[in-house]
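Number 393 in full-length UniProt numbering belongs to position 393 of the sequence shown; there are no gaps in the numbering.
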Amino acid sequence: MEGLTKIDDLGKPRVVIVGGGFAGLELAKALATAPVQVVLIDKQNYHTFQPLLYQVATAGLDADSIVSPFRKILSEQENFYFRLAEVQAVDTAAKVVETSIGRVRYDYLVIATGAEPNYFGDAQMAKHSIALKSVEDAIELRNTVLSNFEQALQLGDMEQINSLLDFVIVGGGPTGVELAGALSELRKHVFPKDYRELDFKEMDIHLVQSGPVLLKGMSAQASQEALESLQKFGVQVWLEARVKSYDGFTVTLSTGKQLITRTLIWAAGVTGAPLAGLPPECLLPGNRYCVDEYSRILGHDHVFAIGDIAAMRSPAYPEGHPMVAQPALQQGRLLGQNIARLLVGKAPLPFTYDDKGAMATIGRNHAVADVILFGKEYHWGGFMAWLAWSFIHIISLVGFRNRLSVFFTWGWNYVTQDKGLRYILGKTRKPLVEQEVVEKAIV
(Lines of atoms letter the chains of each structure in order from A; the text may use other names.)
(Lines give C-alpha, C1' and ligand atoms only; values in the text may rest on other atoms or scores of the structure.)
Protein backbone atom coordinates (compact mmCIF):
# COMPACT_ATOMS: atom_id res chain seq x y z
CA MET A 1 0.00 0.00 0.00
CA GLU A 2 1.44 3.38 -1.06
CA GLY A 3 2.84 5.56 1.70
CA LEU A 4 3.22 2.80 4.27
CA THR A 5 6.16 3.20 6.62
CA LYS A 6 8.73 0.41 6.50
CA ILE A 7 8.06 -2.33 9.05
CA ASP A 8 8.99 -5.94 8.36
CA ASP A 9 5.91 -8.00 7.50
CA LEU A 10 6.04 -11.22 9.49
CA GLY A 11 3.07 -12.73 7.68
CA LYS A 12 1.12 -12.65 10.94
CA PRO A 13 -1.82 -10.53 12.10
CA ARG A 14 -0.48 -7.13 13.13
CA VAL A 15 -1.52 -5.51 16.42
CA VAL A 16 -0.73 -1.80 16.44
CA ILE A 17 -0.66 -0.19 19.90
CA VAL A 18 -0.75 3.60 20.10
CA GLY A 19 0.76 4.71 23.41
CA GLY A 20 3.24 3.03 25.74
CA GLY A 21 1.79 3.90 29.14
CA PHE A 22 0.71 1.29 31.67
CA ALA A 23 -2.04 -0.14 29.44
CA GLY A 24 -0.13 -0.20 26.16
CA LEU A 25 3.04 -1.66 27.64
CA GLU A 26 1.15 -4.34 29.55
CA LEU A 27 -0.70 -5.33 26.36
CA ALA A 28 2.57 -5.61 24.42
CA LYS A 29 3.95 -7.92 27.12
CA ALA A 30 0.76 -9.99 27.17
CA LEU A 31 1.13 -10.67 23.42
CA ALA A 32 4.69 -12.00 23.74
CA THR A 33 3.74 -15.58 22.88
CA ALA A 34 0.76 -14.83 20.64
CA PRO A 35 1.08 -15.53 16.87
CA VAL A 36 0.98 -11.81 16.04
CA GLN A 37 3.27 -8.95 15.16
CA VAL A 38 3.21 -6.25 17.86
CA VAL A 39 3.93 -2.68 16.74
CA LEU A 40 4.07 -0.05 19.48
CA ILE A 41 3.98 3.60 18.40
CA ASP A 42 4.81 6.38 20.87
CA LYS A 43 6.12 9.93 20.61
CA GLN A 44 8.65 9.07 23.34
CA ASN A 45 11.00 6.10 23.23
CA TYR A 46 10.50 5.29 26.90
CA HIS A 47 7.86 4.28 29.43
CA THR A 48 7.30 6.68 32.34
CA PHE A 49 6.23 5.58 35.81
CA GLN A 50 3.88 8.52 36.26
CA PRO A 51 2.98 8.04 39.95
CA LEU A 52 6.50 9.19 40.88
CA LEU A 53 6.69 12.24 38.63
CA TYR A 54 6.11 14.44 41.66
CA GLN A 55 9.31 13.00 43.21
CA VAL A 56 11.29 14.22 40.20
CA ALA A 57 9.57 17.61 40.46
CA THR A 58 10.59 17.95 44.12
CA ALA A 59 14.21 16.75 43.74
CA GLY A 60 13.59 13.39 45.40
CA LEU A 61 14.44 11.26 42.36
CA ASP A 62 16.34 11.68 39.13
CA ALA A 63 14.28 11.34 35.96
CA ASP A 64 16.13 8.27 34.73
CA SER A 65 14.99 6.37 37.84
CA ILE A 66 11.38 6.36 36.67
CA VAL A 67 11.78 5.86 32.91
CA SER A 68 12.86 2.87 30.86
CA PRO A 69 13.27 2.56 27.06
CA PHE A 70 10.69 0.38 25.31
CA ARG A 71 13.38 -1.41 23.32
CA LYS A 72 15.16 -2.35 26.54
CA ILE A 73 12.00 -3.50 28.34
CA LEU A 74 10.94 -5.75 25.47
CA SER A 75 14.34 -6.61 24.02
CA GLU A 76 13.72 -10.36 24.39
CA GLN A 77 10.30 -10.26 22.71
CA GLU A 78 10.85 -11.36 19.11
CA ASN A 79 7.43 -10.28 17.80
CA PHE A 80 7.83 -6.72 19.13
CA TYR A 81 8.56 -3.68 16.95
CA PHE A 82 8.77 -0.06 18.07
CA ARG A 83 8.40 3.14 16.06
CA LEU A 84 9.12 6.61 17.42
CA ALA A 85 6.33 8.69 15.91
CA GLU A 86 3.24 10.72 16.64
CA VAL A 87 -0.06 9.29 15.45
CA GLN A 88 -2.15 11.91 13.69
CA ALA A 89 -5.29 10.06 12.57
CA VAL A 90 -6.95 6.68 12.10
CA ASP A 91 -8.44 5.41 8.83
CA THR A 92 -10.66 2.50 9.85
CA ALA A 93 -11.80 1.83 6.26
CA ALA A 94 -8.24 1.26 5.02
CA LYS A 95 -7.13 -0.14 8.43
CA VAL A 96 -4.14 2.19 8.69
CA VAL A 97 -2.97 4.84 11.13
CA GLU A 98 -1.51 8.08 9.84
CA THR A 99 1.71 8.97 11.67
CA SER A 100 4.50 11.53 11.45
CA ILE A 101 6.66 8.90 9.69
CA GLY A 102 4.02 7.56 7.31
CA ARG A 103 1.08 5.18 7.39
CA VAL A 104 1.09 1.96 9.40
CA ARG A 105 -1.18 -0.95 8.50
CA TYR A 106 -3.01 -2.86 11.22
CA ASP A 107 -5.24 -5.88 11.68
CA TYR A 108 -6.06 -4.93 15.25
CA LEU A 109 -5.67 -1.37 16.51
CA VAL A 110 -5.42 -0.55 20.22
CA ILE A 111 -5.62 3.06 21.35
CA ALA A 112 -3.87 3.61 24.68
CA THR A 113 -3.06 7.29 24.42
CA GLY A 114 -3.89 8.08 28.04
CA ALA A 115 -4.94 11.50 29.26
CA GLU A 116 -3.76 15.09 29.25
CA PRO A 117 -4.38 18.07 31.55
CA ASN A 118 -7.91 19.45 31.46
CA TYR A 119 -8.02 23.22 31.90
CA PHE A 120 -11.79 23.34 31.26
CA GLY A 121 -11.35 25.84 28.45
CA ASP A 122 -9.34 28.36 30.50
CA ALA A 123 -6.62 29.53 28.12
CA GLN A 124 -4.98 31.78 30.73
CA MET A 125 -4.69 28.87 33.14
CA ALA A 126 -3.12 26.70 30.45
CA LYS A 127 -0.65 29.47 29.66
CA HIS A 128 0.47 30.38 33.17
CA SER A 129 0.24 27.13 35.17
CA ILE A 130 2.46 24.06 35.22
CA ALA A 131 0.90 20.60 34.91
CA LEU A 132 2.54 17.32 35.88
CA LYS A 133 1.90 14.70 33.19
CA SER A 134 5.37 14.06 31.76
CA VAL A 135 9.05 13.92 32.66
CA GLU A 136 9.51 17.27 30.91
CA ASP A 137 6.79 18.78 33.13
CA ALA A 138 8.45 17.41 36.27
CA ILE A 139 11.88 18.76 35.33
CA GLU A 140 10.40 22.13 34.39
CA LEU A 141 8.64 22.34 37.75
CA ARG A 142 11.82 21.44 39.67
CA ASN A 143 13.81 24.02 37.70
CA THR A 144 11.13 26.64 38.30
CA VAL A 145 10.99 26.06 42.06
CA LEU A 146 14.76 26.36 42.38
CA SER A 147 14.97 29.35 40.02
CA ASN A 148 12.33 31.14 42.09
CA PHE A 149 14.53 31.03 45.16
CA GLU A 150 17.61 32.10 43.22
CA GLN A 151 15.70 35.10 41.90
CA ALA A 152 14.19 35.92 45.30
CA LEU A 153 17.73 36.51 46.62
CA GLN A 154 18.06 39.43 44.18
CA LEU A 155 14.88 41.27 45.13
CA GLY A 156 14.10 43.93 47.70
CA ASP A 157 10.32 44.08 47.37
CA MET A 158 8.62 41.77 49.89
CA GLU A 159 5.49 41.24 47.77
CA GLN A 160 7.60 40.10 44.85
CA ILE A 161 9.71 37.87 47.11
CA ASN A 162 6.58 36.26 48.54
CA SER A 163 5.20 35.67 45.06
CA LEU A 164 8.30 33.60 44.34
CA LEU A 165 8.32 31.72 47.65
CA ASP A 166 4.61 30.84 47.68
CA PHE A 167 3.07 27.93 45.76
CA VAL A 168 -0.52 27.13 44.85
CA ILE A 169 -1.49 23.57 43.97
CA VAL A 170 -4.90 23.13 42.37
CA GLY A 171 -6.45 19.70 42.88
CA GLY A 172 -6.75 17.61 46.03
CA GLY A 173 -6.25 14.18 44.47
CA PRO A 174 -3.17 12.02 45.05
CA THR A 175 -0.91 14.21 42.88
CA GLY A 176 -1.90 17.42 44.65
CA VAL A 177 -1.66 15.91 48.13
CA GLU A 178 1.72 14.28 47.46
CA LEU A 179 3.15 17.45 45.92
CA ALA A 180 2.00 19.56 48.87
CA GLY A 181 3.57 17.13 51.33
CA ALA A 182 6.85 16.98 49.41
CA LEU A 183 7.13 20.78 49.21
CA SER A 184 6.47 21.06 52.94
CA GLU A 185 9.37 18.65 53.60
CA LEU A 186 11.67 20.72 51.40
CA ARG A 187 10.59 23.86 53.25
CA LYS A 188 11.40 22.30 56.63
CA HIS A 189 14.55 20.29 55.99
CA VAL A 190 16.28 21.40 52.78
CA PHE A 191 15.64 24.94 51.54
CA PRO A 192 16.62 26.75 54.79
CA LYS A 193 20.12 25.24 54.44
CA ASP A 194 20.46 26.13 50.76
CA TYR A 195 19.02 29.64 50.95
CA ARG A 196 20.02 30.94 54.37
CA GLU A 197 19.29 34.55 53.42
CA LEU A 198 15.59 33.83 52.89
CA ASP A 199 12.97 33.63 55.63
CA PHE A 200 11.06 30.42 54.95
CA LYS A 201 8.36 31.40 57.39
CA GLU A 202 7.23 33.45 54.40
CA MET A 203 6.95 30.36 52.16
CA ASP A 204 3.27 29.43 51.94
CA ILE A 205 1.97 26.25 50.33
CA HIS A 206 -1.70 26.37 49.31
CA LEU A 207 -3.74 23.36 48.23
CA VAL A 208 -7.05 24.23 46.56
CA GLN A 209 -9.74 21.57 46.25
CA SER A 210 -13.11 22.19 44.62
CA GLY A 211 -14.89 19.50 46.64
CA PRO A 212 -15.48 19.08 50.38
CA VAL A 213 -12.77 16.42 50.89
CA LEU A 214 -9.28 15.53 49.75
CA LEU A 215 -8.52 12.25 47.95
CA LYS A 216 -12.02 11.83 46.56
CA GLY A 217 -12.66 8.14 45.97
CA MET A 218 -10.75 7.03 49.04
CA SER A 219 -12.35 6.38 52.43
CA ALA A 220 -13.57 9.20 54.66
CA GLN A 221 -10.91 8.19 57.18
CA ALA A 222 -8.14 8.48 54.59
CA SER A 223 -9.40 11.88 53.45
CA GLN A 224 -9.55 13.22 56.99
CA GLU A 225 -6.11 11.87 57.90
CA ALA A 226 -4.61 13.43 54.76
CA LEU A 227 -6.18 16.80 55.62
CA GLU A 228 -4.96 16.72 59.22
CA SER A 229 -1.45 15.66 58.21
CA LEU A 230 -1.09 18.41 55.62
CA GLN A 231 -2.35 21.01 58.07
CA LYS A 232 0.15 19.71 60.64
CA PHE A 233 2.89 20.17 58.04
CA GLY A 234 1.82 23.79 57.54
CA VAL A 235 -0.02 23.42 54.24
CA GLN A 236 -3.00 25.75 53.88
CA VAL A 237 -5.88 23.69 52.50
CA TRP A 238 -8.83 25.44 50.84
CA LEU A 239 -11.80 23.09 50.49
CA GLU A 240 -14.89 23.79 48.39
CA ALA A 241 -13.02 26.48 46.51
CA ARG A 242 -12.40 26.75 42.79
CA VAL A 243 -9.83 28.83 40.96
CA LYS A 244 -11.71 31.46 38.98
CA SER A 245 -8.68 33.08 37.37
CA TYR A 246 -4.89 33.24 37.38
CA ASP A 247 -2.86 35.83 35.51
CA GLY A 248 0.60 34.59 36.44
CA PHE A 249 0.65 36.55 39.70
CA THR A 250 -2.78 36.65 41.38
CA VAL A 251 -4.97 33.61 41.99
CA THR A 252 -8.62 34.43 42.55
CA LEU A 253 -10.75 31.77 44.21
CA SER A 254 -14.51 31.32 43.96
CA THR A 255 -14.74 32.32 47.63
CA GLY A 256 -13.29 35.74 46.80
CA LYS A 257 -9.95 34.90 48.42
CA GLN A 258 -6.87 36.03 46.51
CA LEU A 259 -3.48 34.32 46.66
CA ILE A 260 -0.21 35.66 45.28
CA THR A 261 2.16 33.27 43.52
CA ARG A 262 4.39 32.99 40.50
CA THR A 263 3.99 29.20 40.49
CA LEU A 264 0.59 27.55 40.16
CA ILE A 265 0.68 23.77 39.76
CA TRP A 266 -2.33 22.33 37.96
CA ALA A 267 -3.44 18.92 39.23
CA ALA A 268 -7.18 19.54 39.02
CA GLY A 269 -8.24 17.16 36.31
CA VAL A 270 -7.47 15.35 33.10
CA THR A 271 -9.22 14.68 29.84
CA GLY A 272 -8.72 11.88 27.34
CA ALA A 273 -6.30 12.26 24.43
CA PRO A 274 -8.31 10.84 21.49
CA LEU A 275 -7.15 10.42 17.89
CA ALA A 276 -8.68 12.01 14.82
CA GLY A 277 -10.55 9.79 12.38
CA LEU A 278 -13.03 7.98 14.60
CA PRO A 279 -16.66 9.22 14.64
CA PRO A 280 -17.48 11.80 17.34
CA GLU A 281 -20.20 9.53 18.72
CA CYS A 282 -17.46 7.15 19.90
CA LEU A 283 -16.43 9.75 22.49
CA LEU A 284 -18.09 10.34 25.84
CA PRO A 285 -17.81 13.46 28.00
CA GLY A 286 -14.23 13.75 29.14
CA ASN A 287 -12.95 12.73 25.68
CA ARG A 288 -12.88 9.03 26.56
CA TYR A 289 -13.84 6.35 24.07
CA CYS A 290 -16.97 4.41 24.86
CA VAL A 291 -15.96 0.74 24.93
CA ASP A 292 -17.80 -2.50 25.67
CA GLU A 293 -16.78 -5.11 28.24
CA TYR A 294 -14.20 -6.45 25.76
CA SER A 295 -12.53 -3.00 25.34
CA ARG A 296 -13.88 -2.67 21.76
CA ILE A 297 -14.77 0.85 20.68
CA LEU A 298 -18.46 0.74 19.90
CA GLY A 299 -19.11 0.07 16.22
CA HIS A 300 -15.53 -1.04 15.47
CA ASP A 301 -14.79 -4.75 15.92
CA HIS A 302 -11.04 -4.43 15.29
CA VAL A 303 -10.39 -1.18 17.16
CA PHE A 304 -9.92 -1.20 20.94
CA ALA A 305 -9.20 1.36 23.66
CA ILE A 306 -7.67 0.65 27.06
CA GLY A 307 -6.42 2.66 30.01
CA ASP A 308 -7.34 6.27 30.76
CA ILE A 309 -8.66 6.90 27.24
CA ALA A 310 -11.29 4.15 27.62
CA ALA A 311 -14.60 4.51 29.45
CA MET A 312 -16.07 1.06 30.13
CA ARG A 313 -19.33 1.94 31.85
CA SER A 314 -21.16 -0.37 34.21
CA PRO A 315 -23.54 -0.03 37.19
CA ALA A 316 -20.53 0.01 39.52
CA TYR A 317 -18.63 2.50 37.33
CA PRO A 318 -21.20 4.64 35.47
CA GLU A 319 -18.50 7.02 34.20
CA GLY A 320 -15.91 4.33 33.50
CA HIS A 321 -13.14 2.94 35.65
CA PRO A 322 -10.82 5.25 37.64
CA MET A 323 -8.07 6.82 35.55
CA VAL A 324 -5.25 5.15 37.50
CA ALA A 325 -2.69 2.44 36.84
CA GLN A 326 -4.52 -0.68 38.05
CA PRO A 327 -7.46 -0.64 35.60
CA ALA A 328 -5.02 0.12 32.77
CA LEU A 329 -2.75 -2.80 33.66
CA GLN A 330 -5.65 -5.21 34.03
CA GLN A 331 -7.28 -4.11 30.77
CA GLY A 332 -4.00 -4.48 28.87
CA ARG A 333 -3.42 -7.95 30.30
CA LEU A 334 -6.92 -9.20 29.47
CA LEU A 335 -6.96 -7.70 25.98
CA GLY A 336 -3.75 -9.57 25.18
CA GLN A 337 -5.47 -12.81 26.17
CA ASN A 338 -8.59 -11.90 24.20
CA ILE A 339 -6.73 -11.11 20.98
CA ALA A 340 -5.06 -14.52 21.24
CA ARG A 341 -8.50 -16.09 21.77
CA LEU A 342 -10.00 -14.29 18.78
CA LEU A 343 -7.23 -15.60 16.53
CA VAL A 344 -8.27 -19.19 17.25
CA GLY A 345 -11.99 -18.55 17.05
CA LYS A 346 -12.71 -18.40 20.77
CA ALA A 347 -15.05 -15.88 22.36
CA PRO A 348 -13.34 -13.05 24.28
CA LEU A 349 -13.65 -12.80 28.04
CA PRO A 350 -15.42 -9.79 29.60
CA PHE A 351 -13.41 -7.43 31.76
CA THR A 352 -14.02 -7.33 35.50
CA TYR A 353 -12.04 -4.79 37.49
CA ASP A 354 -10.27 -6.21 40.52
CA ASP A 355 -10.08 -3.14 42.74
CA LYS A 356 -7.07 -3.50 45.04
CA GLY A 357 -7.60 -0.16 46.77
CA ALA A 358 -5.72 3.13 46.71
CA MET A 359 -2.78 4.80 48.44
CA ALA A 360 -1.32 8.26 48.82
CA THR A 361 1.77 9.48 50.66
CA ILE A 362 1.71 12.78 52.49
CA GLY A 363 5.33 13.01 53.58
CA ARG A 364 7.99 11.37 55.67
CA ASN A 365 6.43 8.51 57.69
CA HIS A 366 2.93 9.61 56.70
CA ALA A 367 0.63 7.96 54.16
CA VAL A 368 -2.92 6.67 53.86
CA ALA A 369 -3.99 3.40 52.29
CA ASP A 370 -7.33 1.75 51.58
CA VAL A 371 -6.53 -1.89 50.82
CA ILE A 372 -9.11 -4.41 49.58
CA LEU A 373 -8.40 -8.03 50.53
CA PHE A 374 -10.83 -10.86 49.86
CA GLY A 375 -13.61 -8.38 49.17
CA LYS A 376 -13.16 -6.46 52.42
CA GLU A 377 -11.67 -2.99 52.74
CA TYR A 378 -9.00 -2.20 55.34
CA HIS A 379 -7.59 1.22 56.16
CA TRP A 380 -4.00 1.94 57.14
CA GLY A 381 -2.49 5.22 58.13
CA GLY A 382 0.80 6.66 59.32
CA PHE A 383 4.13 4.86 59.24
CA MET A 384 2.87 1.40 58.22
CA ALA A 385 0.92 2.87 55.31
CA TRP A 386 4.02 4.84 54.30
CA LEU A 387 6.14 1.66 54.31
CA ALA A 388 3.51 -0.18 52.25
CA TRP A 389 3.28 2.72 49.78
CA SER A 390 7.07 2.79 49.39
CA PHE A 391 7.37 -0.97 48.90
CA ILE A 392 4.55 -1.18 46.34
CA HIS A 393 5.92 1.70 44.30
CA ILE A 394 9.43 0.25 44.24
CA ILE A 395 8.33 -3.22 43.09
CA SER A 396 5.98 -1.67 40.50
CA LEU A 397 8.79 0.16 38.72
CA VAL A 398 9.90 -1.23 35.37
CA GLY A 399 13.38 -2.76 35.51
CA PHE A 400 15.66 -3.96 38.30
CA ARG A 401 18.02 -1.00 37.87
CA ASN A 402 15.22 1.50 38.49
CA ARG A 403 14.02 -0.41 41.55
CA LEU A 404 17.52 -0.51 43.00
CA SER A 405 18.14 3.16 42.21
CA VAL A 406 14.93 4.31 43.87
CA PHE A 407 15.47 2.06 46.89
CA PHE A 408 18.93 3.47 47.63
CA THR A 409 17.97 7.07 46.81
CA TRP A 410 14.98 6.95 49.14
CA GLY A 411 17.09 5.27 51.83
CA TRP A 412 19.71 8.01 51.60
CA ASN A 413 17.07 10.75 51.59
CA TYR A 414 15.42 9.22 54.65
CA VAL A 415 18.63 8.97 56.69
CA THR A 416 19.99 12.41 55.75
CA GLN A 417 16.64 14.23 55.45
CA ASP A 418 18.07 15.65 52.26
CA LYS A 419 17.11 15.63 48.59
CA GLY A 420 20.30 15.97 46.63
CA LEU A 421 18.98 16.41 43.10
CA ARG A 422 18.60 20.16 43.37
CA TYR A 423 20.04 21.28 40.07
CA ILE A 424 18.59 23.50 37.37
CA LEU A 425 18.98 21.73 34.06
CA GLY A 426 16.81 22.35 31.03
CA LYS A 427 13.59 24.29 30.64
CA THR A 428 12.46 26.73 33.34
CA ARG A 429 9.22 28.69 33.62
CA LYS A 430 10.76 32.10 34.27
CA PRO A 431 8.59 34.41 36.40
CA LEU A 432 8.06 37.85 34.90
CA VAL A 433 9.04 40.00 37.86
CA GLU A 434 8.41 43.70 37.23
CA GLN A 435 11.72 45.38 36.56
CA GLU A 436 10.87 48.54 38.50
CA VAL A 437 10.86 46.64 41.82
CA VAL A 438 14.04 44.65 41.17
CA GLU A 439 16.89 45.93 43.30
CA LYS A 440 20.23 44.40 42.50
CA ALA A 441 21.99 43.07 45.56
CA ILE A 442 25.29 44.70 46.55
CA VAL A 443 27.93 41.98 46.72
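Idealized CB from N, CA, C, for every residue including glycine.
Bear in mind the structure is a predicted one, so any value in this text is a computation, not a measurement.
Item: Identified DSSP bridge partners for Trp-412; Value: Trp-412 is not bridged to any residue.
Item: From Ser-295, Leu-109, Lys-43, residue whose alpha carbon lies closest to that of Leu-84; Value: Lys-43
Item: For Asp-199, the nearest candidate out of Met-312, Phe-233, Leu-164, Val-168 (CA to CA); Value: Leu-164
Item: C-beta neighbour in chain D for Gly-357, strict 8 Å; Value: You won't find chain D in this structure, because it holds only one protein chain.
Item: beta-carbon Leu-404 near the ligand FAD non-hydrogen atom, thresh 7 Å; Value: Inclusion of the ligand FAD in the displayed structure is not the case, the ligand content being empty and no account of it being possible.
Item: Cross-strand partners of Ile-41 (DSSP beta bridge); Value: Val-18, Arg-83
Item: Cβ pair count under 8 Å reaching 3, the region 19-31 against the region 70-77; Value: yes
Item: Reference Tyr-108; option with closest CA among Ile-161, Ile-17, Phe-391, Phe-351; Value: Ile-17
Item: Reduced DSSP category for residue 446 - H, G, I as helix; E, B as strand; rest coil; Value: This structure does not reach residue 446, given that the chain is present from 1 up to 443, and the question cannot be answered.
Item: Classification of Val-39 by the beta-carbon crowding that lies within 10 angstroms, buried from 16 upward; Value: buried
Item: Complete runs of the alpha helix (DSSP H) confined to the region 336-407 [at least 4 residues]; Value: 383-396
Item: Residues near Pro-212 in its chain [Cβ-Cβ closer than 8 Å; skip 5 each side]; Value: Leu-239, Glu-240
Item: Beta carbon of Gly-357 nearer than 8 Å to that of Val-368; Value: no
Item: Which residues DSSP lists as bridging Ile-265, in chain order; Value: Ile-130, Ile-169
Item: Residue interval of the alpha helix (DSSP H) (run including Phe-191); Value: 191-194
Item: Nearest-angstrom Cα separation, counted from Ala-59 out to Pro-117; Value: 22 Å
Item: Reference Thr-99; option with closest CA among Thr-92, Arg-105, Gln-88, Leu-397; Value: Gln-88
Item: Inter-residue spacing [alpha-carbon to alpha-carbon] between Lys-376 and Gly-217; Value: 16 Å
Item: Enclosing alpha helix (DSSP H) for Thr-144 [first to last residue]; Value: 135-152
Item: 8 Å Cβ cutoff met for Glu-197 and Leu-153; Value: yes
Item: Beta-carbon proximity list for Leu-25, same chain, < 6 Å, skipping 5 on both sides; Value: His-47
Item: Short Cβ contact (8 Å threshold) for Pro-51 with Leu-343; Value: no
Item: Cβ separation of residue 447 and Cys-282, assumed to be a contact under 8 Å, to the nearest whole Å; Value: Residue 447 falls outside the range modelled here, since the chain spans only 1 to 443, and no answer is possible.
Item: Beta-carbon spacing of Thr-263, Val-145 below 8 Å; Value: yes
Item: First through last residue of the alpha helix (DSSP H) which encompasses Tyr-54; Value: 53-57
Item: Euclidean distance between Cα positions of Leu-421 and Asn-148; Value: 16 Å
Item: Same chain, Cβ closer than 6 Å to Ile-161, neighbours up to 5 away in sequence not counted; Value: Ala-152, Leu-155
Item: First and last residue of the uninterrupted beta strand (DSSP E) at residue 446; Value: Residue 446 falls outside the range modelled here, since the chain spans only 1 to 443, and no answer is possible.
Item: Beta bridge counterpart(s) of Leu-259 as assigned by DSSP; Value: Val-251
Item: When Ile-111, Leu-349, Asp-64 are compared against Leu-278, the one with the closest alpha-carbon; Value: Ile-111
Item: Beta-carbon proximity of Val-168 to Ala-268, cut-off 8 Å; Value: no
Item: Local conformation of Glu-240 per DSSP, three classes; Value: coil
Item: Distance between beta carbons of Gly-272 and Asn-287, contact taken as under 8 Å; Value: 4 Å
Item: Beta-bridge pairing of Glu-98 - partner residues as DSSP gives them; Value: Ala-89, Arg-103
Item: Sequence-distant residues of its chain with Cβ nearer than 8 Å to Ile-442 (five each side left out); Value: With a pLDDT of only 42 at Ile-442, under 50, the local geometry of the prediction cannot be trusted, and the value read off the model is given with reservation. Excluding sequence neighbours, Ile-442 sits near nothing in its chain.
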